[in-house]
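>
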Amino acid sequence: LALGVDGVSVEKSLLGSEWVADLQAAGLELAVWTLRTREDLACLSHPGLVAACVEGEAR
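Numbering (this note's numbering), first residue to last: 1442 to 1500.
#1: Please check the pair THR1496 and ARG1477, which I expect to be a contact at CB under 8 Å, by giving their CB distance rounded to whole angstroms.
#2: Which value, in whole angstroms, describes the spacing of the CA atoms of GLY1445 and LEU1455?
#3: Which residues in the same chain have their Cβ closer than 8 Å to the Cβ of CYS1484, if we skip the five residues on either side of it in sequence?
#4: Measuring CA to CA, which of GLU1459, VAL1451, GLY1468 is closest to ALA1443?
#5: Looking only at C-alpha atoms, which of LEU1482, PRO1488, GLU1459 sits nearest to GLU1470?
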């Protein structure tokens, strides 16, 4: 990509969006932030996710 990046980190509410799908289709790695609750851990099943920022109850 023109910016020279290998991946992006997005807020958890953006997972599943068309924008994130386009980023992944462009070959970018995907990380998510910030998972704070046990319910947020469901985000970890998102296809192609390579990293997550986790804190609080979700640890």
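Where a beta carbon is used, it is the ideal one built from N, C-alpha and C, also for glycine.
The short version:
#1: For this step, residue 1496 is matched to residue 55 along the sequence shown. For this step, residue 1477 is matched to residue 36 along the sequence shown. Here residue 1496 is Glu; the residue named in the question, Thr, does not match the sequence. At roughly 6 Å, the Cβ-Cβ gap stays under 8 Å, so GLU1496 and ARG1477 are in contact.
#2: Position 4 of the sequence shown, counting from 1, holds the residue named residue 1445. Position 14 of the sequence shown, counting from 1, holds the residue named residue 1455. Distance between the alpha carbons of GLY1445 and LEU1455 is about 22 Å.
#3: By 1-based counting over the sequence shown, the position of residue 1484 is 43. For CYS1484, where only same-chain residues beyond five positions count, the Cβ hits under 8 Å are LYS1453, LEU1456, VAL1473, LEU1476, LEU1490, ALA1493.
#4: Locating residue 1443 in the sequence shown gives position 2, where the first residue counts as 1. Measuring from the Cα of ALA1443, the nearest candidate turns out to be GLY1468.
#5: On the sequence shown, position 29 is the one that residue 1470 refers to. It is PRO1488.
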